[in-house]
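These notes are about the structure you will find just below.
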Amino acid sequence: MNVTVYSKIKADKATRLVVGLSKYNNSSLLTNMTNISYPFDTAAFVVNDVKNCNTSELNSFRRVLGIIFSPKTAKDLIEYWKKNNISGPQIALDLENHFQIYFGNYFEKNNLNAFIKQNNTKNLKIILFTVKSFKDPIFKNSNAEIFKYTHPSQRGNTQQLFEDFDYCSQGYGFSSADDIKQNFSIK
Numbered sequence: 133m134n135v136t137v138y139s140k141i142k143a144d145k146a147t148r149l150v151v152g153l154s155k156y157n158n159s160s161l162l163t164n165m166t167n168i169s170y171p172f173d174t175a176a177f178v179v180n181d182v183k184n185c186n187t188s189e190l191n192s193f194r195r196v197l198g199i200i201f202s203p204k205t206a207k208d209l210i211e212y213w214k215k216n217n218i219s220g221p222q223i224a225l226d227l228e229n230h231f232q233i234y235f236g237n238y239f240e241k242n243n244l245n246a247f248i249k250q251n252n253t254k255n256l257k258i259i260l261f262t263v264k265s266f267k268d269p270i271f272k273n274s275n276a277e278i279f280k281y282t283h284p285s286q287r288g289n290t291q292q293l294f295e296d297f298d299y300c301s302q303g304y305g306f307s308s309a310d311d312i313k314q315n316f317s318i319k
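Everything in the sequence shown is counted per the working numbering, starting at 133 for the first residue and increasing by one.
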């Protein structure tokens, strides 16, 4: 395997867990991990056949990668995976092996609980993309650093929240709350 695309990315020592809500509705997008040594049955957001997906089918995955890395790195990774016809399970394993990044869905509560118990340190960072999980004791009672964000599949006004993370962005995102407070609000 050519690891140059991965070796260009500086990684820290943190373990990252990305939590979605449920499997893709379209089963051809679903990355099934049940017959592979992986902590979750489905790799949330990871598209099974990146090479044959159009841009809109990659919205959630592309945005999540942009949050984890950067929009440019997300683009480089997706282009690498498309060019080399890398499967979803292999993508999930590569991200685990090179960067300690894991993808799980909220409906897999037993697997989430086991993963968090096994990795319950200050080096665990969890991003939750489902409101249902925000107050769940599984996450609240862990030592992990928890982040919460709107689901990346969102359309309409909420898609603008991904402006800074998506290399396919339209360039019409919201101003930040800090920018408005600092530069618009009367003090």
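No residue lacks a Cβ here, since even glycine has one placed at the ideal position from N, Cα and C.
Given ASP181 as reference, the closest of GLN314, ASN245 and LEU162 once Cα atoms are compared: Among GLN314, ASN245 and LEU162, the Cα nearest to that of ASP181 is on LEU162.
Simplified DSSP assignment, three categories, for THR147: strand
Touch test, the region 239-247 against the region 217-224, Cβ-Cβ under 8 Å, three pairs minimum: A contact between stretches requires three or more CB pairs, one per stretch, nearer than 8 Å, and the region 239-247 fails this requirement with the region 217-224.
Minimum C-alpha distance to ASP226 - residue among PHE316, ILE199 and ILE141: ILE141
Whole alpha helix (DSSP H) elements within the region 210-235, 4-residue minimum: 220-231
DSSP-derived helix/strand/coil call for LYS142: coil
Residues of its chain near LEU149, where Cβ-Cβ distance is below 6 Å and the 5 sequence neighbours each way are ignored: TYR234 and ILE258
Distance between beta carbons of SER317 and ASN191, contact taken as under 8 Å: So it is not a contact: roughly 33 Å between Cβ atoms.
Where PHE247 falls: helix, strand or coil (DSSP): helix
Inter-residue Cα distance where the pair is ILE168 and ASN229: 14 Å
Three-state class that DSSP yields for ASN237 in the structure shown: strand
Between the CA atoms of VAL178 and PHE271 - distance to the nearest angstrom: 22 Å
Rounded C-alpha distance that separates TYR170 from VAL151: 15 Å
Test item: CB-CB of LYS145 and THR174 under 8 Å: no
Three-state secondary structure (DSSP) of SER192: helix
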